[in-house]
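If you use this note's numbering, the sequence shown corresponds to residues 446 to 562, in order. Below you'll find the structure, written out as structure tokens, and then a few comments.
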Amino acid sequence: MNKRYSSYGQRPALLAFAALVCTALTGCETTQESRRADLEQDRDTCADFGTQYGTPEHTECMLVQQRRRDSATLDALEKQRVSAETAKTNVEMLERRRCEKEAKKDREAGRRPRSCR
């Protein structure tokens with residue numbers, strides 16, 4: 446296989462991996478600060494809803510805010526997974542089309558066509 450095409454086929458996967466590593470490193474660096482900021486924001490949100498600290502309503506409000514945040518995180522991760530999968534599929538389709546085009550050229554030139562599996 447041509448060197449140029451093999452590196453092209455690996456590029457989206459490499460970029461997705463690099464993005465994942467950067468995201469993970471950024472998350473590790475500020476985990477406690479981020480958690481503290483999230484809790485403060487949740488307390489403010491619950492206070493805006495009129496709940497008082499220590500009441501069952503406040504506890505429920507804090508849990509709802511955490512579920513909302515967790516759900517948003519899961520949604521973002523799922524979108525990232527789907528995007529990476531789509532990129533991989535697109536690269537595979539391009540490689541197959543390129544191979545089929547080369548196989549057609551081989552047939553037209555009277556050579557045995559390459560296998561595009």
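Using N, Cα and C, we set each Cβ at its ideal position, and we do this for glycine too. All of these numbers come straight from a predicted model, not from anything done at the bench.
Own chain residues within Cβ distance below 8 Å of residue i, not counting five before or after
i: Q497; result: H503
i: T531; result: none
Residue i, DSSP secondary structure in three states
i: T534; result: helix
i: R542; result: helix
i: S560; result: coil
i: A554; result: coil
i: Q497; result: coil
i: T504; result: helix
i: S451; result: Confidence in S451 is poor, its pLDDT being 45 and thus under 50, which makes the residue's placement unreliable; the coordinate value appears in the next sentence. Three-state result, S451: helix.
i: T475; result: coil
Candidates the options, of which the one nearest residue i by Cα
i: R488; options: L508, T476, E478, R559; result: L508
i: R542; options: Q510, S560, Q525, R556; result: S560
i: A464; options: R557, L522, A554; result: L522
i: D515; options: R557, D483, R552, T490; result: D483
Contacting residues, own chain, Cβ-Cβ under 6 Å from residue i (five flanking each side not counted)
i: Y450; result: Confidence is the limiting factor: at Y450 the pLDDT is only 42, short of 50, which leaves the residue's position unreliable, though a coordinate-based value still follows. Result list for Y450: empty, nothing under 6 Å.
i: C544; result: C561
Nonlocal neighbours in the same chain, by C-beta distance under 7 Å from residue i, ignoring five residues either side
i: E547; result: R559
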